[in-house]
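S.K.: Attaching a single structure in structure tokens format; questions to follow.
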Amino acid sequence: MAFVDEHAVVINAPANNVWLNLSAALDQTFSGSVATTYARVAGCAERSPSGPRPLAIDSTLVGFRVASARPGAELELTGRHRFSVYALSFHMEQANSGQTRLRARTHANFPGGGGRLYRLLVVRTGFYARSVRHLLKDIQRQTESSRGTG
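Residues in the sequence shown are numbered from 164 upward in steps of one, following our numbering.
See below:
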């Protein structure tokens, strides 16, 4: 798959705390009627959440399946629908003492005319990048406030 983008945030918390909040934030982001309706209309392979929480290999979110899960280190989500095949990976690494850098990296292919149009509407407009940055900031806020540092 082709590289799409990467975003990062430094969180004032250890990686295990970040991991738990990442899993919870993804469940919240990819649930509800908007996500399930979108998944149905786009033809996502995964249309409902399943499996253990915190997320583990083969757990699903709407639009994604967990391909790799190493608590406190890495989470890789994969998915597909009519317009794209994609992977969204989260990597955690120590930034400074007591801090974790959380990176979100996306790879995707957009086959055919529908895929090209989808890429234009979702990626090239900046909508996708804003959404990922917003997700990372939410994880940062939630993690830091749960430690009493936010």
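We put the CB at the ideal spot given by N, CA and C, even for glycine.
Excluding the five sequence neighbours on either side, which residues of its own chain have a C-beta within less than 6 Å of the C-beta of Asn184, listed in chain order?
M.R.: Ile302, Gln305, Thr306
S.K.: What does a CB cutoff of less than 8 Å around Ala230 pick up in its chain, not counting 5 residues either side in sequence?
M.R.: Correct list, in chain order: Ile220, Glu239, Leu240, Thr241, Ala250.
S.K.: Any chance you could list the beta strand (DSSP E) runs of at least 3 consecutive residues sitting entirely within the segment 255 to 284, in chain order?
M.R.: 263 to 272
S.K.: Any heavy atom of the ligand NAP closer than 7 Å to the Cβ of Ala171?
M.R.: No copy of the ligand NAP occurs in the structure displayed, which carries no ligand at all.
S.K.: How many angstroms separate the CA atom of Asn180 from the CA atom of Val295?
M.R.: Their Cα atoms are separated by approximately 19 Å.
S.K.: To the nearest angstrom, report how far apart Ala208 and Arg293 are at their CA atoms.
M.R.: About 24 Å.
S.K.: What are the residues that DSSP puts in a beta bridge with Phe166?
M.R.: His270
S.K.: Can you find a CB in chain B that lies within less than 8 Å of the CB of Ala292?
M.R.: The chain labelled as chain B is not found in the depicted structure, where only one protein chain is given.
S.K.: What three-state label does DSSP hand Ile302 in the structure shown?
M.R.: It is helical.
S.K.: Excluding five sequence neighbours on each side, which residues of the same chain lie with their C-beta closer than 7 Å to the C-beta of Phe273?
M.R.: Cβ neighbours of Phe273 beyond the five flanking positions: Phe246, Ser247, Arg279, Tyr281, Arg282.
S.K.: With a CB to CB cut of under 8 Å and the five nearest residues on each side skipped, what residues in its chain are close to Ala188?
M.R.: Leu298, Asp301, Ile302, Gln305
S.K.: Among Ala232, Phe227, Gly214, which one has its Cα closest to the Cα of Arg243?
M.R.: Phe227
S.K.: Ordered along the chain, which non-local residues of its own chain (more than five positions away) have a Cβ less than 7 Å from that of Tyr201?
M.R.: Cβ neighbours of Tyr201 beyond the five flanking positions: none.
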